[in-house]
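The next block holds one structure in the form of structure tokens; read it before the comments.
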Amino acid sequence: MDSPDDTRKVLIIGAGLGGLALAQVLHNHCVPFELFERDEAPSARKQGWAVALVEQVSIIALKELLPVETIKNLNTTSVNYETGDNDELAFVNAVTGETAGKVGGVAYGLPGSIVRASREALRAYLWQANSLRVQPNKHFVRYEEDENGVTAWFADGSSSRGSLLVAADGLHSHVREQLLGNSAQKPVQSQYVPIFGELDLPPQQYEPLRRIANAAVLTSGPSLRQQIGMLSMNEDGSKAHYFWALMLRRDDPTELADWVGNASSQELYDFAIKHSQHLHPTMNSFIKYGGPDAMIHPQPKFQEYVPPDTLPVGRVTLLGDAAHAMIPLRGAGANTAILDACDLGKLLINARNERNDPVSVVEPYLAKMIPRGKEAVLASRAAGNADGDDPAAYLKKFQREKQQNKE
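In this text, residue positions in the sequence shown follow my numbering: the first is 101, and each later residue adds one.
Quick look at the structure:
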């Protein structure tokens, strides 16, 4: 027989940004939940470099649902927090070095502002804020669903029962795999193949980049995109930690993606030099400076997952990359996952207030999540098309209208 808590509890699988955002919302509104994460700590493994949280998209949604103090301190995760600068991104012609436009550069909390958050810092902040209880070292194995609830099983032999299970376990979601079965579509290789580097830059290397934009420079050119982003700076300014990504568009990307996955640091460096030598010196000097030692291993892949038109309406549902995964050309991934979390969180709060079974929220949640997620994946893909090779066109594709959360 289920306990009263089990009939209302929400089980969240995965403490990435989306799962943590949902847990924070439920925690703040006293909706019972358990959050399970395979990692031991928020910094246990690398999950990318930085994300751009947009005030008028994800931050305004969080403001409605989280404590004022939590929102007030969100900008402590900014790559520029120690410098005191307002985060900005620039869109630049990769070949000429000309700037087509910028976003951000506005004080935190004002319309038009962004938080260029370190992924590691943001995850740690959401993990620790408000004494959130995360159950680490929990490797999800399977779930069992029945008419009264759902039970999640883990590799250590433990289990937990609740009314709703939310899969926030990423692109290669084990929950999604069970939910949709072997016939379901899989993530696919993007048309873009990236090569990543990470390194410390001295002032003579980072100052030209920061004069263009203090958080990240996004360039475009024929069949390529670049991201050059600061992650941190020493207190005395003697060096700044940066990452860079040289992203090449291919009609058939599989062969190149496979090669990148097996190439040595020297081979990756030589390839990056060859394919960036025609770029403006500011856009390739850091590659030369870092040399082969700056190459990342293993190299991340760009994969996409377009959500199906319909998903099962039951006691298991999907959130964030488990539902829709996109390439990072439009800054949409983290923002969309947070919108998922806020929408689902609001529905669960209302269900609790009205004493409804949490399963009742799945259908209205999917009605918003699926079309929004599909649009985000396809718009991110379109930002890499040939008609975005011009930086002014790329900027237009990147920008978005103010997100309304009035429902």
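Glycine included, C-beta positions come from ideal geometry on N, C-alpha and C.
Could you spell out the range, first to last residue, of the beta strand (DSSP E) harbouring residue i?
i	result
residue 227	Premise fails: residue 227 lies in the alpha helix (DSSP H), 219-228, not in any beta strand (DSSP E).
residue 341	340-349
residue 294	292-301
residue 242	240-246
Roughly how many angstroms separate the alpha carbons of residue i and residue j, rounded to a whole number?
i	j	result
residue 366	residue 392	5 Å
residue 242	residue 254	7 Å
residue 469	residue 193	34 Å
residue 353	residue 258	42 Å
residue 138	residue 111	14 Å
residue 209	residue 364	44 Å
residue 462	residue 264	9 Å
residue 128	residue 298	37 Å
residue 126	residue 186	30 Å
residue 115	residue 289	25 Å
residue 215	residue 172	12 Å
residue 465	residue 476	16 Å
Which residue or residues does DSSP assign as beta-bridge partners of residue i?
i	result
residue 319	192, 326
residue 202	190
residue 251	244, 261
residue 216	152
residue 418	267
residue 432	For residue 432, which the question treats as bridged, DSSP gives no partner whatsoever.
Hey, quick one: how far does the alpha helix (DSSP H) through residue i stretch, first residue to last?
i	result
residue 354	354-362
residue 162	160-163
residue 465	462-482
residue 170	168-172
residue 124	117-128
residue 274	274-280
May I ask you to report which of helix, strand or coil DSSP gives residue i?
i	result
residue 177	helix
residue 505	With a pLDDT of 36 at residue 505, under the threshold of 50, the predicted position of this residue should be treated as unreliable, though the coordinate-derived value follows. It is coil, neither helix nor strand.
residue 68	Given a span of 101 to 507 for the chain in the structure shown, any question on residue 68 remains unanswerable.
residue 81	The structure shown does not extend to residue 81, since the chain is modelled only from 101 to 507, so the question has no answer here.
residue 389	helix
residue 110	strand
residue 377	coil
residue 155	helix
residue 402	coil
residue 285	coil
residue 150	strand
residue 413	coil
residue 499	coil
residue 332	strand
residue 394	helix
residue 313	coil
residue 486	helix
residue 441	helix
So is the beta-carbon of residue i under 7 Å away from any non-hydrogen atom of the ligand ADP?
i	result
residue 475	In the structure shown, the ligand ADP is absent, as is every other ligand, since no ligand is present at all.
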